[in-house]
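Protein chains in written order, with the numbering used here: chain B, 90 to 210; chain X, 6 to 112.
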């Protein structure tokens, strides 16, 4: 069974760069599209970006100018960077996978455990 | 972007009640809706994908239906472990968007 574990810095100052990584174990890394999400405290979920094992990417236009998603297939990992963070970027960040099927539609499972990132001076 | 709305925003139920949550998309998305359950401090858990397919390991009291712009999630008989927040999500096209959530709590 595929499992996802995520890690990264949880406290940042305004203007710094957020950096998070997800590691995948227990199954096929290349059989998935991998995504990042965030959820501000008490609010809903926002999809940030996705990447395939070969490096094909899609970004949410609302964040695209500040976000980079990357993949390291040799280590079954993928990462997120968000530049120039502000208090509005404070959220729990999740990574998750979509198993690639014949359907073009996307659903997400499994999920990482989540990382609370707080931006404060 | 495709906007997703949910109703109600919250509801109170007793164990054994039948609960139905509605999700609407701002444009037709065929059957590209998924449903998640989220408990406080936990990651979302996939319940239903492609509108009506039950994710492996999810109890059969959960079911989904709908197509186009109107979708529903039904819990046939609510159990104590079902008190949580439920989100719909469209997987039709990026950016993949979520509904604002429906909180189901104990009456």
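Glycine included, each C-beta is placed from N, C-alpha and C at the ideal position.
What are the residues that DSSP puts in a beta bridge with residue i?
{"i": "residue 198/B", "result": "Answer is none; residue 198/B lacks a bridge partner."}
{"i": "residue 128/B", "result": "181/B"}
{"i": "residue 213/B", "result": "This structure leaves residue 213/B out entirely; chain B is present only between 90 and 210."}
{"i": "residue 76/X", "result": "28/X and 71/X"}
{"i": "residue 166/B", "result": "112/B and 161/B"}
Apply the 10 Å Cβ neighbour rule to residue i and answer buried if 16 or more other Cβ atoms are within range, or exposed otherwise.
{"i": "residue 211/B", "result": "For chain B, the structure presents residues 90 to 210; residue 211/B sits outside this window and is missing."}
{"i": "residue 165/B", "result": "buried"}
{"i": "residue 127/B", "result": "buried"}
{"i": "residue 32/X", "result": "exposed"}
{"i": "residue 92/B", "result": "exposed"}
{"i": "residue 100/X", "result": "buried"}
Run through DSSP, which three-state label would residue i get?
{"i": "residue 35/X", "result": "coil"}
{"i": "residue 29/X", "result": "strand"}
{"i": "residue 45/B", "result": "The displayed coordinates of chain B run from 90 to 210. Any statement about residue 45/B would go beyond what the structure contains."}
{"i": "residue 161/B", "result": "strand"}
{"i": "residue 191/B", "result": "coil"}
{"i": "residue 55/X", "result": "coil"}
{"i": "residue 176/B", "result": "helix"}
{"i": "residue 6/X", "result": "coil"}
{"i": "residue 87/X", "result": "helix"}
Is residue i near residue j, with beta carbons less than 7 Å apart?
{"i": "residue 47/B", "j": "residue 112/B", "result": "This structure does not reach residue 47/B, given that chain B is present from 90 up to 210, and the question cannot be answered."}
{"i": "residue 134/B", "j": "residue 103/X", "result": "yes"}
{"i": "residue 124/B", "j": "residue 185/B", "result": "yes"}
{"i": "residue 160/B", "j": "residue 107/B", "result": "no"}
{"i": "residue 82/X", "j": "residue 21/X", "result": "yes"}
{"i": "residue 112/X", "j": "residue 14/X", "result": "no"}
Any heavy atom of the ligand SAM inside 6 Å of the beta-carbon of residue i?
{"i": "residue 177/B", "result": "Inclusion of the ligand SAM in the displayed structure is not the case, the ligand content being empty and no account of it being possible."}
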